[in-house]
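When the sequence shown is numbered by the numbering used here, its final residue is 525 and no position is left out of the sequence of numbers.
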Amino acid sequence: MNFVRKESLIGIFVFCCLAAFQVEARGLPDFTDIVAKHAPAVVRIEIEQRAQDGGGMRQLPEGIPEGLRRFFEGGGGGPQPRARQSLGSGFFISNDGYVVTNNHVVENAENIIVRMSDRREFSAEVIGTDPRSDLALLKVDGDNLPVLQLGKPDVIRVGEWVLAMGSPFGLDYSVSAGIVSAKGRSLPTENNENYVPFIQTDVAINPGNSGGPLFNLDGEVVGVNSQIYTRSGGSIGLSFAIPVSVVRNVVAQLKSAGEVTRGWLGVSIQDVDINLAESFGLDKPRGALIAAVQSEGPAAEAGLQAGDIIVQFNGSEILRSADLPHVVGLTVPGTQVDMYIVRDKRRQKISIEVGSLNSDATPTLALGGEASSGGRLGLVVEEMEETSQSQWGISGGVVVREVLPDSPSAEAGLRNGDVITLINNTPIVSVEAYQRAVENLPSGTSVPLRVLRRGAPIFIPVRIPEGG
Numbered sequence: 058m059n060f061v062r063k064e065s066l067i068g069i070f071v072f073c074c075l076a077a078f079q080v081e082a083r084g085l086p087d088f089t090d091i092v093a094k095h096a097p098a099v100v101r102i103e104i105e106q107r108a109q110d111g112g113g114m115r116q117l118p119e120g121i122p123e124g125l126r127r128f129f130e131g132g133g134g135g136p137q138p139r140a141r142q143s144l145g146s147g148f149f150i151s152n153d154g155y156v157v158t159n160n161h162v163v164e165n166a167e168n169i170i171v172r173m174s175d176r177r178e179f180s181a182e183v184i185g186t187d188p189r190s191d192l193a194l195l196k197v198d199g200d201n202l203p204v205l206q207l208g209k210p211d212v213i214r215v216g217e218w219v220l221a222m223g224s225p226f227g228l229d230y231s232v233s234a235g236i237v238s239a240k241g242r243s244l245p246t247e248n249n250e251n252y253v254p255f256i257q258t259d260v261a262i263n264p265g266n267s268g269g270p271l272f273n274l275d276g277e278v279v280g281v282n283s284q285i286y287t288r289s290g291g292s293i294g295l296s297f298a299i300p301v302s303v304v305r306n307v308v309a310q311l312k313s314a315g316e317v318t319r320g321w322l323g324v325s326i327q328d329v330d331i332n333l334a335e336s337f338g339l340d341k342p343r344g345a346l347i348a349a350v351q352s353e354g355p356a357a358e359a360g361l362q363a364g365d366i367i368v369q370f371n372g373s374e375i376l377r378s379a380d381l382p383h384v385v386g387l388t389v390p391g392t393q394v395d396m397y398i399v400r401d402k403r404r405q406k407i408s409i410e411v412g413s414l415n416s417d418a419t420p421t422l423a424l425g426g427e428a429s430s431g432g433r434l435g436l437v438v439e440e441m442e443e444t445s446q447s448q449w450g451i452s453g454g455v456v457v458r459e460v461l462p463d464s465p466s467a468e469a470g471l472r473n474g475d476v477i478t479l480i481n482n483t484p485i486v487s488v489e490a491y492q493r494a495v496e497n498l499p500s501g502t503s504v505p506l507r508v509l510r511r512g513a514p515i516f517i518p519v520r521i522p523e524g525g
C-alpha cells in the first residue's frame, strides 16, 4: 500500500488555496480601462462665493492638511465680508461644453472655473439649477471636448460594482470603488420634499466629490454623487447618488428651458404601517395614504379623497409613500395617467391629468367653541372657529384639548392641538358629529382618525378595546 507523505499533503493544500485565490482575484473588476478612457471628461469645479460676513467659515473635519484647509476656508480674515472659495466636481455631457454638477456646488457662486485633467481651464456660465434634485447645468466655451455617456435608466442592480471619480478635499481626479448598497432611498429635503430616489453605495465619497460621476463597469454614468451620511465630515460608507433617470429628465429641461417642471397631484401623503393597514382593510402595509387633497388641484378634480390609498401610479407599483413623489415628479405635466387606489377596502381605477408642481403656505390655528370630553377615545375636544376652518381649508373639525392618560388615544399617540377631521371615513364637522361617530365605532377593531398636526394632515390608527 502506498502512503502520501505529510509534506506532500501540505503542498497540495497550499497549491489549491493559491489556485482558489487566483480564481477569486480574476473575478474582481479591473477599473483601469474605465479610468484611462473617461477621466478626461471629469472636471474639477472651483467656486468663488461672497460670504455674508467675515466670521462665516465652514466647519471642516479634523486632520485636513493646513494647505487644503486654507484653500477650503479661503484666505484673509477679519470682520469684513470677503470672497470664499469652495470646490466640487462635474463632467462633460456634450463636446460643445455642457457640464453636469450639483446645485449645492454652484449655489450663490459669483465666479465658476472648470478645470480639466490636462490643465485647461474655462470660465463657466450657469444654464439652470434645480434645488429639488440638487442638479445644475453649466456651459463653457469649447469644442471637441471629451464626454461621458449617460447609462440607461433603471438597469442598475443592488450588489453591482460602481466607480466614483472626483476631487475629494481638493485631491484632483481621485477614484474610489464599491458596490450599490440600495436603490430608491428617500432623503427628504429641508422643505420635506422628496423627488429623488437616491442610489446608496459604500463608495468612499468625501467633500469635493459632489457633482462627480458614478460609473458602472461599462463606463456609463449611472448617477451623480450628491450626499454622504457622516458624523465626522468624511466617508463612513454611506454615500448617495442621483440616479440617471432623474439626471436625464432634469438636464433635458434645464438645457431647453433653464428650469424644471414636475408632475403634481395636489395631495399630502403618509406611509402605511401595520396598524393603518389593518384599519383600512389591507392584507399588508403598502401604498401611499392620502391625508389631504388640495382644493382645485388635479387630485380633487379626479375625485380622490382623504383616506384613499394609492397602490399603483401609471403602471408603477407604490409600495411605500416615498415611491409616489418619485414617479409623479418624472411625469410630464398635462399627461393623462391611470392609477389604482384602495377606497372603502376595495380596489378602484381612477384616471387623472397630472398637474404642474406649486407651493402652498401653511395656515395658523385658532381655537374656540363648544367642548366635549372623555368618551371611548379618551379625548377632550373643542370645536374650531369658522375663521380657523377657512384658513385651514376645512369645513368643521374638532381640536384635541386634552388626551386622557392610559386611553386608546394616548396609546395611539394623539396630541393636544391635533385637529380631528375624519373618523373611520365619517367627516367630523362638529363636536356633535364627533360624539356620534365615536359612539358607533365597533369594539375590538382598529379605526383610522385623520388629524391635522401643525398644519400637516396624517392618519393615526386607534384601537377600540373589547367592550369599550
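Where is the CB? At the ideal position from N, CA and C, for every residue including glycine.
*Own chain residues within Cβ distance below 7 Å of Val204, not counting five before or after*: Ala98, Phe149, Ile150, Ser151, Asn152
*Could you check where the alpha helix (DSSP H) with Pro355 kicks off and where it finishes?*
355 to 359
_Environment of Val307 [buried if 16+ CB atoms lie within 10 Å]_ = buried
_Along the chain, where does the alpha helix (DSSP H) containing Val384 start, and where does it finish?_
380 to 386
*How long is the line joining the alpha carbons of Ser378 and Leu244, rounded to whole angstroms?*
13 Å
*asked:* Just to confirm before moving on: does the CB-CB distance between Leu192 and Asn165 stay below 8 Å?
replied: no
_Three-state secondary structure assigned by DSSP to Asp417_ = At Asp417, the pLDDT of 39 sits below 50, so the modelled position is not reliable; the number obtained from the coordinates is stated separately. Asp417: coil per DSSP, three-state reduction.
*Tell me, please, whether the region 194 to 211 touches the region 319 to 337 by the rule of three or more beta-carbon pairs shorter than 8 Å.*
no
_I'd like to check one pair, Pro225 with Asn251: are the Cβ atoms closer than 8 Å?_
no
*asked:* Here's the rule: buried if 16 or more other CB atoms are within 10 angstroms of the residue's CB, otherwise exposed. What is Val495?
replied: buried
*Could you tell me which residues DSSP puts in a beta bridge with Pro518?*
Pro505
*Does the region 340 to 353 come close enough to the region 209 to 217 that 3 or more CB-CB pairs lie under 8 Å?*
no
_Option nearest Gly432 by Cα separation, candidates Val260, Gln492, Arg242, Ser180_ = It is Gln492.
*Between the C-alpha atoms of Arg458 and Gly268, what's the straight-line distance to the nearest angstrom?*
49 Å
*asked:* Is it buried or exposed, Gly386, if we count other Cβ atoms within 10 angstroms and call 16 or more buried?
replied: buried
*With DSSP as the reference, label Pro300 as helix, strand or coil.*
strand
*Excluding five sequence neighbours on each side, which residues of the same chain lie with their C-beta closer than 6 Å to the C-beta of Asn481?*
Val504
*Could you name the residues of the same chain whose beta carbon sits closer than 6 Å to that of Gln405, not counting the 5 residues immediately before and after it, in chain order?*
Excluding the 5 residues flanking it on each side, Gln405 has same chain C-beta neighbours closer than 6 Å at Ile398, in chain order.
*For Asp417, count neighbouring C-beta atoms within 10 Å of its own C-beta (all shown protein chains included) and say buried if the count is 16 or more, exposed if not.*
Interpretation of Asp417 is limited by its pLDDT of 39, a score under 50 that renders its predicted location unreliable; no figure is taken from the coordinates.
*asked:* Suppose you measure from the CA of Gly208 to the CA of Val304; what does that come to, to the nearest Å?
replied: Their backbone Cα atoms lie some 10 Å apart in a straight line.
*What runs of the alpha helix (DSSP H), each 4 residues or longer, lie entirely inside the region 223 to 304?*
none
*Between the region 230 to 243 and the region 353 to 367, do at least 3 Cβ pairs fall closer than 8 Å?*
As far as the Cβ criterion goes, the region 230 to 243 does not touch the region 353 to 367, which means the pair count is below three.
*Nearest-angstrom Cα separation, counted from Ala348 out to Gly360*: 14 Å
*Determine the extent of the alpha helix (DSSP H) in which Asp90 is found, giving its start and end residues.*
Run containing Asp90: 89 to 95, per the alpha helix (DSSP H) assignment.
*Kindly list the residues whose CB is nearer than 7 Å to the CB of Gly276, restricted to its own chain and excluding five residues on each side of it in sequence; keep chain order.*
Ile91, Lys94, His95
*Mind checking who Leu194 pairs with in its DSSP beta bridge?*
Val157, Gly185
*Label Thr561 either buried or exposed according to how many other C-beta atoms from any shown protein chain fall within 10 Å of its C-beta, with 16 as the threshold for buried.*
For the chain, the structure presents residues 58 to 525; residue 561 sits outside this window and is missing.
*asked:* I want to see whether chain B comes within less than 8 Å of Ile375, judged by CB atoms only; does it?
replied: Among the chains of the structure shown, chain B does not appear; only one protein chain is present.
*Do Pro522 and Pro462 come within 8 Å of each other at the CB atom, strictly closer than that value?*
no
*asked:* Between which two residues does the alpha helix (DSSP H) holding Val456 run?
replied: Note, Val456: premise wrong, no alpha helix (DSSP H); beta strand (DSSP E) at 455 to 460.
_Please state whether the Cβ-Cβ distance between Val438 and Val455 is less than 8 Å._
A contact, by the Cβ cut-off of 8 Å.
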